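Q:
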Amino acid sequence: MTQEPDKSLSETTIVEKAALELVKSDMNTAEKAPQPLPDIRKPAPVKADNRAVRERKARQASREMYADKTVPRIRSERRYGGSSHSRAYLKQALCLYSDRAQIFFENNYERVNMSLIVSTLVIEAIGGTELAEKISLRLEKEFRELETQMIASIKELQRIATVKGIAEDQQVPAYDHKRFYEPPLHTPHSAQFMTVVQLFDRLISRAEGCWINHIMSAQTRKNIVRSWEKNLSQFVQDLHQIRLQAINQARKTGFGQRAAAIEAKVRREHADDRLEKTDLATTRKDNKPEAPSTQTQAPKQETVRAKASENEEAAPARQEVGSEVEEPARVEATA
Numbered sequence: 004m005t006q007e008p009d010k011s012l013s014e015t016t017i018v019e020k021a022a023l024e025l026v027k028s029d030m031n032t033a034e035k036a037p038q039p040l041p042d043i044r045k046p047a048p049v050k051a052d053n054r055a056v057r058e059r060k061a062r063q064a065s066r067e068m069y070a071d072k073t074v075p076r077i078r079s080e081r082r083y084g085g086s087s088h089s090r091a092y093l094k095q096a097l098c099l100y101s102d103r104a105q106i107f108f109e110n111n112y113e114r115v116n117m118s119l120i121v122s123t124l125v126i127e128a129i130g131g132t133e134l135a136e137k138i139s140l141r142l143e144k145e146f147r148e149l150e151t152q153m154i155a156s157i158k159e160l161q162r163i164a165t166v167k168g169i170a171e172d173q174q175v176p177a178y179d180h181k182r183f184y185e186p187p188l189h190t191p192h193s194a195q196f197m198t199v200v201q202l203f204d205r206l207i208s209r210a211e212g213c214w215i216n217h218i219m220s221a222q223t224r225k226n227i228v229r230s231w232e233k234n235l236s237q238f239v240q241d242l243h244q245i246r247l248q249a250i251n252q253a254r255k256t257g258f259g260q261r262a263a264a265i266e267a268k269v270r271r272e273h274a275d276d277r278l279e280k281t282d283l284a285t286t287r288k289d290n291k292p293e294a295p296s297t298q299t300q301a302p303k304q305e306t307v308r309a310k311a312s313e314n315e316e317a318a319p320a321r322q323e324v325g326s327e328v329e330e331p332a333r334v335e336a337t338a
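Numbered according to the numbering used here, the sequence shown spans residues 4 to 338.
Listed below in structure tokens is the structure:
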């Protein structure tokens with residue numbers, strides 16, 4: 004028999020008591036395990052160093068430890084993508100009676116479970132614990148609202164059957180092909196989704212019971228099942244949208260923000276390097292001697308002056324020749 008918790012104790016005290024009992028049990032188990040022989044060698048002094056140095060020394064020690072190459076070694080495994088990481092899960096038994104609920108669960112659980120993993124565990128790794136808690140509260144709210152609506156619908160069908168005079172043991176039908184499942188629960192919201200599917204199964208069972216008892220038409224039963232099936236399909240889509248939004252938000256607030264800050268820092272440092280190179284080039288130009296430039300420019304200035312003097316000497320000559328030619332022309336015109 005399980006011992007009932009003492010109601011006079013607070014919740015924190017009960018948790019602490021359970022934790023201490025668990026620790027004590029684990030310690031007793033550890034004491035019963037075979038103990039290793041004591042090491043009489045004097046431990047070598049450990050020098051404080053960084054992680055890179057420790058890893059390099061560990062690799063070097065592992066290479067030098069065994070002369071025989073056939074001795075098995077432990078090496079780091081590379082993990083590509085989410086499927087290569089090890090995640091904790093629990094198994095939970097599930098029994099579904101109606102065919103529609105079974106098909107819905109089989110077609111959607113893996114997809115929903117992956118969306119919930121990304122929305123919680125992956126978001127925590129990318130965007131931090133604060134963002135993961137925020138997304139988790141949003142998921143809990145979505146599940147709670149849907150479960151409340153489904154419970155209200157089931158109670159309404161139960162009320163209709165009771166008003167029509169149907170006995171309680173005749174309101175819920177039996178099924179000849181109920182199926183058992185044992186899905187993995189990677190997140191607490193996975194269990195909530197299983198609860199939603201069970202409520203959908205009970206809702207279908209209530210509707211079909213009303214139809215069998217001839218207090219509901221076949222069309223009404225069909226409309227009820229289709230309506231809730233559509234609502235649940237939309238709910239699955241909403242969970243996927245929450246996953247996408249959480250990923251985008253995590254990239255902006257988590258490591259994505261840090262990566263952007265690092266990129267901006269590198270860009271600034273690169274800009275500073277370019278400014279330093281420009282200043283250095285300008286300084287080198289200013290420090291050049293001016294003598295070679297004057298020597299190279301002097302012949303050019305003398306050539307320009309010589310050409311100018313030649314032009315000045317040629318100009319009066321042209322004017323005198325022009326005057327001698329123009330005077331006979333004017334005389335002939337007057338004559």
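Ideal placement from N, C-alpha and C gives every residue a C-beta, glycine not left out. Treat the numbers as computed from the prediction; the structure is a model and nothing was measured.
Just mark R246 as buried or exposed, buried being the case when its beta carbon has 16 or more other beta carbons within 10 Å.
A: Taking the sequence shown and counting its residues from 1, the one referred to as residue 246 is at position 243. Looking at its Cβ environment, which holds 16 or more other Cβ atoms inside 10 Å, R246 is buried.
Q: Taking three-plus beta-carbon pairs below 8 Å as touching, is the region 126-136 in contact with the region 216-234?
A: no
Q: Measuring CB to CB, does R57 end up less than 8 Å from V239?
A: The residue given as residue 57 occupies position 54 in the sequence shown. The residue given as residue 239 occupies position 236 in the sequence shown. Pairing R57 with V239 gives a Cβ-Cβ distance that is not under 8 Å.
Q: Evaluate contact between the region 148-156 and the region 166-173, counting only Cβ atoms and requiring at least three cross-stretch pairs below 8 Å.
A: no
Q: Could you check whether L242 and F107 sit closer than 8 Å to each other, using their CB atoms as the reference points?
A: Within the sequence shown, numbered from 1, the residue matching residue 107 stands at position 104. Within the sequence shown, numbered from 1, the residue matching residue 242 stands at position 239. No, they are not a contact pair.
Q: Pick out whichever of C213, K72 and R76 has its Cα sitting closest to the Cα of A61.
A: Locating residue 61 in the sequence shown gives position 58, where the first residue counts as 1. The option with the nearest alpha carbon to A61 is R76.
Q: Identify the continuous alpha helix (DSSP H) that holds R182 and give its terminal residues.
A: Translated into the one-based positions of the sequence shown, residue 182 becomes position 179. Note, R182: premise wrong, no alpha helix (DSSP H); beta strand (DSSP E) at R182 to Y184.
Q: Use the C-beta contact count for P186: other C-beta atoms within 10 angstroms, 16 or more gives buried, fewer gives exposed.
A: Position 183 of the sequence shown holds residue 186. Result: buried.
Q: Is it the case that the Cβ atoms of Y184 and L97 are separated by a distance below 8 Å?
A: Along the sequence shown, one-based indexing puts residue 184 at 181. Along the sequence shown, one-based indexing puts residue 97 at 94. Yes, the pair counts as a contact, with Cβ atoms nearer than the cut-off.
Q: If we count the other Cβ atoms within 10 Å of its Cβ and call it buried at 16 or more, is S118 buried or exposed?
A: Walking along the sequence shown from the start, residue 118 turns up at place 115. With 16 or more Cβ atoms within 10 Å of its Cβ, S118 is classed as buried.
Q: Is I215 near P176, with beta carbons less than 8 Å apart?
A: In the sequence shown, counting from the first residue as 1, residue 215 sits at position 212. In the sequence shown, counting from the first residue as 1, residue 176 sits at position 173. In this structure, P176 lies closer than 8 Å to I215 by Cβ.
Q: Where DSSP assigns a beta bridge to L93, which residues make up the other side?
A: Here the question's residue 93 lines up with position 90 in the sequence shown. Looking at the DSSP assignment, L93 forms a beta bridge with L188.
Q: Is it right to say T190 is buried, meaning 16 or more other beta carbons lie within 10 angstroms of its own, or is it exposed?
A: Your numbering for residue 190 matches position 187 in the sequence shown. Under this definition T190 is a buried residue.
Q: Is it right to say Y112 is buried, meaning 16 or more other beta carbons lie within 10 angstroms of its own, or is it exposed?
A: Taking the sequence shown and counting its residues from 1, the one referred to as residue 112 is at position 109. By the neighbour-count rule (16 or more Cβ atoms within 10 Å), Y112 is buried.
Q: Counting only the same chain and skipping the five closest in sequence on each side, list residues whose C-beta sits under 7 Å from that of Y92.
A: Within the sequence shown, residue 92 is the residue found at index 89, counting from 1. These residues qualify, in order along the chain: P187, L188 and H189.
Q: Under 8 Å between the Cβ atoms of Q95 and A249?
A: In the sequence shown, the residue the question calls residue 95 occupies position 92. In the sequence shown, the residue the question calls residue 249 occupies position 246. No.
Q: Are K181 and L99 touching if we call contact CB-CB under 8 Å?
A: Residue numbering aside, residue 181 sits at position 178 when the sequence shown is read from its first letter. Residue numbering aside, residue 99 sits at position 96 when the sequence shown is read from its first letter. Yes, the pair counts as a contact, with Cβ atoms nearer than the cut-off.
Q: Considering Y100, what are the terminal residues of the alpha helix (DSSP H) in which it resides?
A: Looking up residue 100 in the sequence shown gives position 97. First-last for Y100: undefined, no H or E at that position.
Q: Where do the N-terminal and C-terminal ends of the alpha helix (DSSP H) with Q253 fall, by residue?
A: Sequence index remark: in the sequence shown, residue 253 carries index 250 (1-based). The sequence shown places Ala at residue 253, rather than the Gln named in the question. A221 to T256 is the span of the alpha helix (DSSP H), which, as asked, contains A253.
Q: Please report the straight-line C-alpha distance between E87 and D172, rounded to a whole angstrom.
A: In the sequence shown, residue 87 corresponds to position 84, counting from 1. In the sequence shown, residue 172 corresponds to position 169, counting from 1. Before going further, note that residue 87 is Ser rather than Glu in the sequence given. Going from the Cα of S87 to the Cα of D172 covers about 50 Å.
Q: Could you give the C-beta distance for Q161 and R209, rounded to a whole number, given that I count them as a contact under 8 Å?
A: As a first step, residue 161 must be located in the sequence shown, where it is residue number 158. As a first step, residue 209 must be located in the sequence shown, where it is residue number 206. Indeed they touch by this definition, with Cβ atoms about 7 Å apart.
Q: With K128 as the anchor, note down where its alpha helix (DSSP H) starts and where it stops.
A: The sequence position of residue 128 within the sequence shown is 125, counting from 1. As written in the sequence, residue 128 is Ala, which differs from the Lys given in the question. Residues I126 to G130.
Q: Quick one: what does DSSP say L160 is sitting in, helix, strand or coil?
A: Taking the sequence shown and counting its residues from 1, the one referred to as residue 160 is at position 157. Of the three classes helix, strand and coil, the one that applies to L160 here is helix, per DSSP.
Q: Rounding to the nearest angstrom, what Cα-Cα distance links T71 and R78 in this structure?
A: To locate residue 71, count along the sequence shown from 1; it is residue 68. To locate residue 78, count along the sequence shown from 1; it is residue 75. As written in the sequence, residue 71 is Asp, which differs from the Thr given in the question. Rounded to whole angstroms, D71 to R78 spans 17 Å at the Cα level.
Q: Classify T73: buried if its beta carbon has 16 or more other beta carbons within 10 angstroms, exposed otherwise.
A: Here residue 73 is taken as the residue at index 70 of the sequence shown, counted from 1. Per the 10 Å Cβ criterion, exposed.
Q: Since T256 and L134 should fall inside the 8 Å C-beta cutoff, what is the C-beta to C-beta distance between them, to a whole number of angstroms?
A: Sequence index remark: in the sequence shown, residue 256 carries index 253 (1-based). Sequence index remark: in the sequence shown, residue 134 carries index 131 (1-based). So it is a contact: roughly 6 Å between Cβ atoms.
Q: Under 6 Å Cβ to Cβ from F146, same chain only, skipping five residues before and after it: list those, please.
A: Within the sequence shown, numbered from 1, the residue matching residue 146 stands at position 143. Q195, listed in sequence order.
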